[in-house]
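Notes for the one structure printed next.
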Amino acid sequence: MSSASAARALPLGLALSLPLLVLLGPAPAARAADGWSLAPAGGGRPAFYAEGAPGTAVQDTVSVTNPGSRPVTVRLSGAAFARATVRVPARTRADVPFTVTVPDRDRSTRIVARDSTDGTAGTRSVPLHLRSTAPELTALTVEHVSVHADRITYELVNRGTTPLTPRLAVHADGVLGTLLDRAPRTLPVRLPPGARLKLTEPWPDPPALDAVDVRLTVTAAGGAHDTAGASARFVPWSGVAATAAAVAAGGACFAVRRRRRRTTDRAPSEVPRAEAELTGATT
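Just so you know, we're using my numbering here: the sequence shown kicks off at 373 and counts up by one.
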């Protein structure tokens, strides 16, 4: 809010008082919903402007003007008003104080008035621009990196106070050397302050058998920078299962053959012993 406007702002106690009604001069007869208007008090301003440190309460006044011959009742929204519902008599202007709180980053919204006199949907609005005087901070992190069969997933978080358009570089090393080396490129996303976004990096041709270390590097304007990584092992489990089955079958065949061989080798040695024992008994 300008210094001149701030000087005219009402004290907080008065700002929360009832709306000020100002009688207008004669005006042509008109239905209540036809001619009423909404504008910043004092005239000459196309919109409301307020600035300050985050959390600062700023006061201003909005005017609802009814030049018609019938009363009009409007409901206000978009800020903290002295009275949200205002009845404005014919040929009268109501000045309604309100307060807004400066956010932690620049934001634009609107002060809105809706006619509720006779069920009509008449609506008026005035832009409200809020500017934070907090210092700009750029900070970006890459988190929760995970390697899958055909893709790499990760999350980007804007931890600063300015919107960011990130750039991403991807690098992956295997046991025998580099598997993936993608130069930095601008991502088709825009991260507002405080936003978290889950993204996917395709990897359609990963190795069939390898131990892999993946590293993601993100950058953005203003010096924002971060690196994070993850490890994974690629194993062709179908081939491993087939090999294990073959080894198990081979082992079973070997055990059967060995058992048969032991039985065959044992039989001749036992027959002479039995005959010797029988001969000895006859003697």
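Yeah, the Cβ is synthetic: ideal placement off N, Cα and C, and Gly gets one too.
| Check | Outcome |
| --- | --- |
| Under 8 Å between C-beta atoms of valine 458 and valine 446 | yes |
| Cβ separation of serine 603 and aspartate 577, assumed to be a contact under 8 Å, to the nearest whole Å | Not a contact, Cβ separation roughly 19 Å. |
| Assigned secondary structure, glycine 427 (DSSP; H/G/I helix, E/B strand, else coil) | coil |
| Pair within 8 Å by beta-carbon distance, valine 484 and threonine 473 | no |
| Threonine 534 versus arginine 477: straight-line alpha-carbon distance, rounded | 8 Å |
| Short Cβ contact (8 Å threshold) for arginine 587 with threonine 572 | no |
| Element boundaries [beta strand (DSSP E), containing alanine 418] | With the sequence shown as reference, residue 418 is identified as proline, and alanine is not the correct amino acid for it. Run containing proline 418: none; DSSP gives neither H nor E here. |
| Burial state of proline 439 (16 or more Cβ within 10 Å) | buried |
| Glycine 566, DSSP secondary structure in three states | coil |
| Three-state secondary structure (DSSP) of glycine 407 | helix |
| Own chain partners of leucine 392 with C-beta closer than 6 Å, once the 5 adjacent residues on each side are dropped | Asp467 |
| Serine 504 classed as buried or exposed, judged by whether at least 16 other C-beta atoms fall within 10 angstroms | buried |
| Continuous alpha helix (DSSP H) assignments of at least 4 residues falling wholly in the region 481 to 519 | none |
| Residues near proline 426 by beta carbon distance below 7 Å, same chain, minus five either side | Val474, Pro475, Asp476, Ser504, Ala506 |
| Limits of the beta strand (DSSP E) - the one that serine 449 falls within | 444 to 449 |
| DSSP state of threonine 525 mapped onto helix, strand, coil | strand |
| Straight-line gap, alanine 596 to arginine 554 (C-alpha atoms, nearest Å) | 19 Å |
| Among Phe453, Pro443, Ser441, the one whose alpha carbon lies nearest that of aspartate 432 | Phe453 |
| C-beta atoms of arginine 482 and leucine 502 nearer than 8 Å | no |
| Candidates Ala583, Thr471, Leu559, Pro560: closest to glycine 549 by CA position | Ala583 |
| Where leucine 588 sits in the DSSP three-state scheme | strand |
| Any non-hydrogen atom of the ligand ZN closer than 7 Å to valine 498 Cβ | Among the components of this structure there are no ligands whatsoever, and the ligand ZN is therefore not found. |
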